[in-house]
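Everything below concerns the one structure shown next.
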Amino acid sequence: MAWDPIFWLIFFVMNIILIALTIYQIVCLSDLEADYLNPYDSSSRINSVVVPEMVVQGVLCALFLLTGNFYMFLLTLPNACYNARLFMKQQHLIDVTEVFRSLDAEKKYRLIKLAFYLVLFVVVLISSLICFIQPINSIE
Numbered sequence: 257m258a259w260d261p262i263f264w265l266i267f268f269v270m271n272i273i274l275i276a277l278t279i280y281q282i283v284c285l286s287d288l289e290a291d292y293l294n295p296y297d298s299s300s301r302i303n304s305v306v307v308p309e310m311v312v313q314g315v316l317c318a319l320f321l322l323t324g325n326f327y328m329f330l331l332t333l334p335n336a337c338y339n340a341r342l343f344m345k346q347q348h349l350i351d352v353t354e355v356f357r358s359l360d361a362e363k364k365y366r367l368i369k370l371a372f373y374l375v376l377f378v379v380v381l382i383s384s385l386i387c388f389i390q391p392i393n394s395i396e
């Protein structure tokens with residue numbers, strides 16, 4: 257399909273955005289742990305990127321479904337469902353008063369998300385390279 261390289265490029269960019277947002281959250285939590293940020297600033301910075309991250313991840317999952325990449329859709333579906341569950345229960349934001357108690361759990365949660373996004377990055381990178389190389393091989 258002629259649109260496949262464009263879709264894989266979009267997937268690649270969206271995945272980089274997800275990785276950058278997760279790293280930003282980890283850095284904010286590390287700065288809070290090292291006492292470079294106060295709890296209010298750290299919480300407000302993290303909370304300002306949580307919903308956009310969830311939206312990007314949900315759109316990425318939906319695009320995988322709409323473009324027919326069912327294995328990639330099934331790979332990203334559990335994370336999208338978990339994000340939707342957190343959003344529905346209103347547990348997706350960090351509470352300023354509870355941030356020090358839940359600091360280790362929040363860092364671990366974000367590190368697991370980062371590992372997931374890095375695995376997804378490798379899969380998207382390999383798939384996009386295959387998509388870009390196949391038309392070159394068919395010309396020769």
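The numbering used here numbers the first residue of the sequence shown as 257 and each following residue consecutively. Here a beta-carbon is modelled for each residue, glycine too, at the ideal position from N, C-alpha and C.
Is the beta carbon of residue j closer than 9 Å to that of residue i?
| i | j | result |
| --- | --- | --- |
| L265 | L331 | no |
| N303 | L349 | yes |
| V307 | F343 | yes |
Return the Cβ separation of residue i and residue j in integer angstroms, given the expectation that the two are a contact with Cβ distance under 8 Å.
| i | j | result |
| --- | --- | --- |
| A276 | Q313 | A276 to Q313, Cβ: 13 Å. No contact. |
| R366 | L285 | 7 Å |
Report the residue from the options whose alpha carbon sits nearest the alpha carbon of residue i.
| i | options | result |
| --- | --- | --- |
| L274 | V380, I386, L385, C387 | V380 |
| Q281 | A318, I389, K364 | K364 |
| E362 | T278, D297, N271 | T278 |
| V283 | L359, V311, Q390, I382 | L359 |
At the level of alpha carbons, what is the spacing between residue i and residue j?
| i | j | result |
| --- | --- | --- |
| V269 | D291 | 33 Å |
| W259 | L316 | 16 Å |
| F267 | E289 | 33 Å |
| A318 | A340 | 13 Å |
| F388 | P261 | 6 Å |
| F320 | S300 | 31 Å |
| V378 | I386 | 12 Å |
| T323 | V305 | 27 Å |
| E309 | S384 | 22 Å |
| V311 | D287 | 25 Å |
| Y296 | Q390 | 51 Å |
| I382 | Y338 | 26 Å |
#### Entry: the stretch 316–333 contacting the stretch 365–380, beta-carbon criterion three pairs below 8 Å
yes
### Task
Mind the definition here: the stretch 350–357 touches the stretch 321–329 only if three or more C-beta pairs lie below 8 Å; say whether that holds.
Contact between the stretch 350–357 and the stretch 321–329 is absent: fewer than three C-beta pairs spanning the two stretches fall below 8 Å.
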